[in-house]
Structures are given as structure tokens and as C-alpha cells.
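Below is one structure, written out as C-alpha cells; the observations come after it.
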Amino acid sequence: MTISDVAKILEGSLVVGDAMASRAVGAVVASDLMSDVLLVDADDILLLTSLASDQAIRTAHIVGAMGVVVHDSKPLPSTMSQVAGQLKIPLVSSPLSKYESCVRLHAALEAERSA
Amino acid sequence: MAEVHKPVILPPPHASDDEIIARHPPIPRVTTDEDSPLVIMELLQRIKIRDVMRTDVVVLSRRDTMRRAQDLMRRNRISGIPIAEGGRLYGIVSVEDIIQALSGGWIDDVIVKHMSNHLIVLEADMPLAFALKYFENYNYGRFPVLNKEHRLVGLISQRDVTRTLLYELTLEINKLEKKAMQNSQAEASGDSQAAYLLREWSVLHNDLENAGKAANDIKAILREHNVDRRLTRRIAVAAYELEINICIHSHGGNLTFMIADDKATVIAKDTGPGIPDVVWACQDGTSTANDWIRSLGFGAGMGLANSKRVSDRFDIKSVMGKGTTVTCSFNLKPGGE
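So the sequence lines, in the order shown, correspond to chains X and V.
Per my numbering, residue 20 is the first one in the first sequence, and the count goes up by one each step.
Per my numbering, residue 272 is the first one in the second sequence, and the count goes up by one each step.
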């Protein structure tokens, strides 16, 4: 599942990033607490958060995340997109809640694994 | 771009203390130009106006005469006198007011008739950066300085600012030169402990906009050095947590990153206020953060605990009123001590 697939499943838009990027989701972490995210020891994390700030992107970069999704159509500060561009972290804006995103992504990843 | 701030303007002399407090705006943050060297930005935030202002201020009361103001200015070689009673500032008389009084024939009038009472003042707790902005934005040679209770505590002039900045910059340059000399000596002597990579970042209090940049840089350095991906993440996590800690909990400080031989070290050093109980502070979930910090995704009390968890060696020293130094070390070779 690539970042374009994620944007489609979550009815969102890819604000920053290459729609053709092939990097796949390795693990999904849903949190607004960045110290929690820093604790997760997994590769290619997709970060689901409601935190529309530069720090969500910087945290994603530190843990080597493959992308960040901001929920509830929260307005994204312009600096957030700039930092995402600089650090090459794909950024998706979705109208869904984090809970709804978790449910949809879980179903989609399960379907992908059993296929 | 530098921000332009609304001036602090005193309410009229008849205002009550409650009115004064209600009209007083909160202290906004100053951002200095991005191109300024970090050491200067840090100085302008660290040095407060109270450190620079003169406190031996000549004051007069509203009932004194303009002639007395003229006499005091001449004898003390000053160009402005605040008019205050019981610490409460009512106005200021400048050389220009005296010149007008002489030519207009009212030099023997009481000051209250001719003083300027539409005043722009600074607060003692504001960073020095504010004073520079005010001198830039308003055509005054000096500003009265008030404390939190809105009482006159000093006067600040451009000369005071220049003198302090020159002194502080000399100290900083001496420190940098000493450090550079130590590095070059260690390198020349072939000392195996000599750092072959040393970088330092200044971290400002409450500067959440820039917090994390140092950790992002450290991660990029580790990638350039082909350090293992998992180890890179551990070092970056420690650096990030410590950087955020300096930003939200301290008065400001520095984050240093070193690679020497087979060891990488992250050192976070701040200038206070210090941690009363470091054992307690290093436990998961212990926090003194406020709601603002939490709204930014931090402040759950996991910063020090996370840094300790990912480090091979962890050390913390804190002195109340002086500051805290946290050192996280990492073995770059598997199984290395």
C-alpha cells in the first residue's frame, strides 16, 4: 500500500509528496502524542494524527516514517507543508476521523495480505 | 522577516491600577531575522532588558519646574528625565522640551504642563531583542523601563544596549576561539579521543517553530556517515526529545553532537531553571508541562525517559538556578563498550 493508495482509501488529498512513490506502508501508528510515536520501533511507519504542526513532520522524519495523514480536514499551517517538502515526508489531508482511518486501513491491509 | 510589535503605551495619569493592568498587553514573542548568526539570536533572547538598563535614574516630580529639569540635564549630562512619583511614571521631559520651553518662555512653569505623557515603555523582563526593535521602530533615544507592577525601575538607551552587546559578544567569541583551539590541538596531537565531528545548535525557549531542526540535522549527518538505520533512529530520538525539553522546559540552551572513534554523543545543556528531582523527572509520565505544550504533541513526561531508554549510556546533572546537562552516549560498533 503506497501513499497514493492511502490517500484514496482515506478520501484524502496528497498535499506533499510524489503520487507515483512506491514506498509501502510497513506499520500504522495513530497518535497525537509525539513521544509515543518516537517509542515505536518499526520500519516504514504511516503516522495518523490530528496534530497539524511542524512537529508531526519532524517526528515522522526522526522515526523514518513513509508518510503522515492529518485528520478531520484540519487546516495545515503553511510551514508544515514546507517542512514536509524539505524533509521529503509525504503528507495527506483526510476528512475522516483517526478512528475511521484506522478501521479502513486495517481492512485494506488485511485484504492486501490475504490476496 | 522580523515582526512589528504594538508599542506598550502608558494609560493616562488618572487611570487606576486595575485599568493599567487591563490595558497592558501580554508580552509577544520576538523572532529575529533568520539570517542572523545563532549566537546573536541567542544573546538577544537570553539577555533581558533588566540586565542592560540603568537603574540610577534621575527623576523629577510633576510639580518640579522645567528649569530644574534643564539644570539636572546639564549637570548629569543626560538628555531625558522621567517624571515619576512613588515609582509611578507620569511622563518624560526631553532636551527638545527644554529647548521649546526656553524659546517659548515657559522654562519656569511646572513640568506637568509641558511633559510628554504619551509614553512608550519597555518591561524589565522582556528580551533585549525588544529594545532593538523599539529603537528601530520609534524615534526615541531612550525608553523608561517598568516592572511587572508597572513601576519605573530603570531607563534604557541605545548606548546601554551597544555597551552590553559588545561585552557579551566578546565573551562568546572568546569561548568559540577557545573551543576551536582545543579541537585543532587535539587533532594535531592525534588524540584518539579527539572529536572528528562536532556540531552545536542553539535552542531557544518556547521556539517550537524551530525545535527539532537540530535532531533532523543530526539524523542527516548519521545517514551521511552510513550509520545503521536503527542506531540512527535511536540517536535521533534522544536528540529530538532533549531538544524539545530545552525548548519547552528551560530558559534555553545548546544541543551538541559529537562523533569520536566508535562513540556518538548528544549533549543537551541549558541555563536553568534546573530540575529539583532528576530521578523523578526521568520516570515515564512525570511532567510539568502546560496545556499549550500538550497541544503541540509534547509534555506527556516521556522526554527524559525516552532519551534514557534509547541510549547506551545516560547521564543527567542538574543544579537548581543554574541549569541541567543531559548526556546520551551511543556505541557505533555492535557490542562496543
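Ideal Cβ placement from N, Cα and C applies to all residues, glycine included.
Fully enclosed beta strand (DSSP E) runs of no fewer than 3 residues occupy 64-68, 86-89 and 110-112 of the stretch 51-112 of chain X, in order along the chain. Residue state for W551(V) is assigned as helix, using DSSP reduced to three classes. Taking a cut-off of 8 Å on C-beta distances, the stretch 520-539 of chain V does not touch the stretch 447-456 of chain V, as fewer than three cross pairs fall below it. G523(V): member of the beta strand (DSSP E) spanning G523 to A531, first to last residue. In this structure, V56(X) lies away from V89(X), with their beta-carbon atoms at least 8 Å apart. Residues of chain V with a Cβ closer than 7 Å to the Cβ of H90(X) do not exist, since the nearest Cβ in that chain sits about 14 Å away.
Residues N525 and T527 of the same chain have their beta carbon placed closer than 6 Å to that of E471(V), with the five preceding and five following residues left out of the count. By the C-beta density criterion, V59(X) is exposed, having fewer than 16 other C-beta atoms within 10 angstroms.
The beta carbon of S116(X) sits closer than 8 Å to those of H90 and D91, all from its chain and outside the five residues before and after it, given in chain order.
Bounds of the alpha helix (DSSP H) holding G375(V) are V366 to G375.
Ranked by Cα distance from I354(V), the first of P547(V), G594(V) and V416(V) is V416(V). Taking D478(V) as the centre and dropping the five residues before and after it, the same chain places the C-beta of C518 closer than 7 Å to its C-beta, in chain order. A direct Cα-to-Cα measurement between I546(V) and G594(V) gives close to 8 Å. Of the candidates N481(V), G523(V), K534(V) and I352(V), K534(V) places its Cα closest to the Cα of T503(V). For L124(X), the secondary structure class from DSSP, reduced to helix, strand or coil, is helix. Between R505(V) and V432(V) a beta carbon distance of about 44 Å is seen, past the 8 Å cut, so the two are scored as non-contacting. Chain V places a beta carbon closer than 8 Å to that of L106(X), counting this residue as a contact.
Beta-bridge analysis with DSSP links I444(V) to no other residue.
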